[in-house]
Amino acid sequence: MLRIDLASRVPVYEQIANGLRAELVSGRFSPGEKLPTVRTLAINLGVHHNTVAEAYRQLANEGWLELKRHHGAIVRERDQPEAGPDTMERFTRPLRELVAKGLADGLSPSSLAREMIETARGLEERTAP
Amino acid sequence: MINNVPVNIRTMVAVTIGGIAILNAAILWFMPRLTRPDLYFAVTVLPGFRDRPDGKVILGRYRMELILFSVLAFIVFVAGTVLIGIGFAPAGPMIQIVAGFIAFYRARNRVLPHAAQPTMIREAELRQDKRTIPGGWIAAAGPFVLVALCAGYLWIHGSTPVHELIVYVLGMTANLTGLTVLRYGLGHWVRPVYSGGPERTREHQFRRTVAAIVLGAEYYMVIQSSWLLLVPRHHGLISLGLLPLVLVLVLVVILVLARLGQGGSRLAAGEKSSTASAVAVGDRTPDRYWKLGVFYFNPDDSAIVVEKRFGLGYSLNFARPTTWGIVALLLIAPLVSILAHVTGFLVKRGA
Chain A
1 MLRIDLASRV PVYEQIANGL RAELVSGRFS PGEKLPTVRT LAINLGVHHN
51 TVAEAYRQLA NEGWLELKRH HGAIVRERDQ PEAGPDTMER FTRPLRELVA
101 KGLADGLSPS SLAREMIETA RGLEERTAP
Chain B
1001 MINNVPVNIR TMVAVTIGGI AILNAAILWF MPRLTRPDLY FAVTVLPGFR
1051 DRPDGKVILG RYRMELILFS VLAFIVFVAG TVLIGIGFAP AGPMIQIVAG
1101 FIAFYRARNR VLPHAAQPTM IREAELRQDK RTIPGGWIAA AGPFVLVALC
1151 AGYLWIHGST PVHELIVYVL GMTANLTGLT VLRYGLGHWV RPVYSGGPER
1201 TREHQFRRTV AAIVLGAEYY MVIQSSWLLL VPRHHGLISL GLLPLVLVLV
1251 LVVILVLARL GQGGSRLAAG EKSSTASAVA VGDRTPDRYW KLGVFYFNPD
1301 DSAIVVEKRF GLGYSLNFAR PTTWGIVALL LIAPLVSILA HVTGFLVKRG
1351 A
């Protein structure tokens, strides 16, 4: 299930790309499988089709999807990229902000840590060959 | 006398128009109760609103105004028929619809202050259901084949003037294409209101029923018009005789749809389900994009076919170019027919 929030400050196309990426990382879609067409997903979400097309293009640039005219988006076999020196920094910065927001909203450090470990383990188990 | 057959035309016209008027009145009376529980006079409300005192008062006033406006419309209709003649009769149902719309519009304005805040959350199932056109492509091709057969037969026998044949083929093909595109749209261009569960199954059933009705209408249209061309002797009599039949068919369709409720909302919950939970995600057509509560115009929505807000069935998103293509196809038949009649009339006058 893909979920977006139109009231969020994050652009809609980015929310769609993030949601789809999460589904792809979790291994819910195997290589060769088709995602809904741009038009179908746009209709189901009630957004303009250019918004969905932009999200699909972003995922195609990242190597997750292959876009074929009249055939929709097909999930690609994607090689695990080598993590660069700034990869961790790009990951930890938004994570720090998110954790800070969680703490500010009253969550305890231990519950946040537990949630993060469980999420990472869950994804690792699902993507394990 | 029509074609040497005695018929009380006035009685037939009066019965048909009276039937249409009663049907209109019944639809307008019951419609507010047949829409989805979260829609009231085309406004998004909390599901229980219609049963609250506020909701009941609005419905009461709407029905009161409906009676009042209908009586006024009836007076205009009677006066017009007396002064102008039976030719004014078809205007009766039109006047009634306008009167009903005024009552609806006033009720809508009373509901608007109670509108629920639309949800900003949107959800979509990524694994798609297999969507097929009810009856498949063979059933869809049937009406086109019938038109071709009828036109071919008339062409070979040469019993029908060529211009009439062209009007028939052109008009019917355009109309059938428009309706087929619409049926395809019901399968592919309508978004589900529920993401899963029995509600989703009911929605599919409703959509398939509407598509089947459209297909039935296509077959009826072709058979009737082909029959009138093939058996031209009692053309006028058959045309008039078919009016009550059409009325009965429309009544049956309305009863079937009313039993299902908008989007199948009145159906008993089924057991079949694609997913375990049913999440209501709304029709995602914000109130502000419904012009007069009836016409949907949202350029940011890719959907072409959307559920009606007031009524049973579907409407079109008039901000999409495809919609205008469908409308044009549906209008070609009457336009070509009118044009042919006017041209024929002018040619006769010139001669």
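If you read the sequences in order, they're chains A and B. Residue numbers for the first sequence follow my numbering, so the first one is 1 and each next one is one higher. Residue numbers for the second sequence follow my numbering, so the first one is 1001 and each next one is one higher. For each residue, glycine too, the CB sits at the ideal point set by N, CA and C.
Minimum Cβ-Cβ distance from residue i to chain B less than 8 Å
{"i": "residue 31/A", "result": "no"}
{"i": "residue 36/A", "result": "yes"}
{"i": "residue 84/A", "result": "no"}
{"i": "residue 47/A", "result": "yes"}
{"i": "residue 5/A", "result": "yes"}
{"i": "residue 43/A", "result": "yes"}
{"i": "residue 2/A", "result": "yes"}
{"i": "residue 23/A", "result": "yes"}
{"i": "residue 78/A", "result": "no"}
{"i": "residue 39/A", "result": "yes"}
Distance CB(residue i)-CB(residue j) smaller than 8 Å
{"i": "residue 123/A", "j": "residue 26/A", "result": "yes"}
{"i": "residue 1151/B", "j": "residue 1169/B", "result": "yes"}
{"i": "residue 1286/B", "j": "residue 1118/B", "result": "yes"}
{"i": "residue 1094/B", "j": "residue 1311/B", "result": "no"}
{"i": "residue 1260/B", "j": "residue 1323/B", "result": "no"}
{"i": "residue 1088/B", "j": "residue 1080/B", "result": "yes"}
{"i": "residue 1047/B", "j": "residue 1054/B", "result": "no"}
{"i": "residue 1041/B", "j": "residue 1101/B", "result": "no"}
{"i": "residue 1115/B", "j": "residue 1057/B", "result": "no"}
{"i": "residue 3/A", "j": "residue 1123/B", "result": "yes"}
{"i": "residue 1107/B", "j": "residue 1070/B", "result": "no"}
{"i": "residue 1175/B", "j": "residue 1333/B", "result": "yes"}
{"i": "residue 1191/B", "j": "residue 1284/B", "result": "yes"}
{"i": "residue 1023/B", "j": "residue 1251/B", "result": "yes"}
C-beta neighbour in chain A for residue i, strict 8 Å
{"i": "residue 1052/B", "result": "no"}
{"i": "residue 1065/B", "result": "no"}
{"i": "residue 1276/B", "result": "A caution first: residue 1276/B carries a pLDDT of 37, below 50, which makes its placement in the model unreliable, though a value can still be read off. By this cut-off, residue 1276/B is not an interface position."}
{"i": "residue 1280/B", "result": "In this prediction, residue 1280/B scores a pLDDT of 49, lower than 50, which makes its location untrustworthy; the coordinate-derived value is nonetheless stated afterwards. By this cut-off, residue 1280/B is not an interface position."}
{"i": "residue 1272/B", "result": "In this prediction, residue 1272/B has a pLDDT of 45, which is less than 50 and means its spatial position is unreliable; what the coordinates show is noted afterwards. No, no contact with chain A."}
{"i": "residue 1266/B", "result": "no"}
{"i": "residue 1202/B", "result": "no"}
{"i": "residue 1036/B", "result": "no"}
{"i": "residue 1288/B", "result": "no"}
{"i": "residue 1208/B", "result": "no"}
{"i": "residue 1284/B", "result": "yes"}
Whole-Å CB distance - residue i paired with residue j, under 8 Å assumed
{"i": "residue 1205/B", "j": "residue 1267/B", "result": "7 Å"}
{"i": "residue 1258/B", "j": "residue 1066/B", "result": "Actually they do not touch by this definition, with Cβ atoms about 17 Å apart."}
{"i": "residue 1177/B", "j": "residue 1329/B", "result": "5 Å"}
{"i": "residue 162/A", "j": "residue 1120/B", "result": "Residue 162/A lies beyond the range of chain A shown here (1 to 129); nothing can be said about it."}
{"i": "residue 1126/B", "j": "residue 35/A", "result": "7 Å"}
{"i": "residue 1336/B", "j": "residue 1187/B", "result": "Between residue 1187/B and residue 1336/B the Cβ distance is about 28 Å, and since that is not below 8 Å, they are no contact."}
Residue i CB to nearest heavy atom of the ligand FAD below 7 Å
{"i": "residue 44/A", "result": "This structure lacks the ligand FAD; in fact it carries no ligand of any kind."}
(request) Please determine if the stretch 47-65 of chain A and the stretch 8-21 of chain A are in contact, where contact requires at least 3 C-beta pairs separated by less than 8 Å. (result) yes
(request) Output, in sequence order along the chain, the residues in the stretch 1183-1200 of chain B whose CB is closer than 8 Å to any CB in chain A. (result) 1188, 1189, 1190, 1191, 1192 and 1195
(request) Could you name the residues of the stretch 1297-1326 of chain B whose beta carbon sits closer than 7 Å to any beta carbon of chain A, in the order they occur along the chain? (result) 1300, 1301, 1302 and 1303
(request) Give a yes or no on contact between the stretch 1305-1318 of chain B and the stretch 1135-1146 of chain B, applying the rule of three or more CB pairs nearer than 8 Å. (result) no
(request) Residues of the stretch 1106-1140 of chain B with a CB closer than 8 Å to any CB of chain A: list them in chain order, please. (result) 1120, 1121, 1122, 1123, 1124, 1125, 1126 and 1128
(message) Counting beta carbon pairs with one atom in the stretch 1291-1301 of chain B and one in the stretch 40-48 of chain A, are three or more of them shorter than 8 Å?
(response) yes
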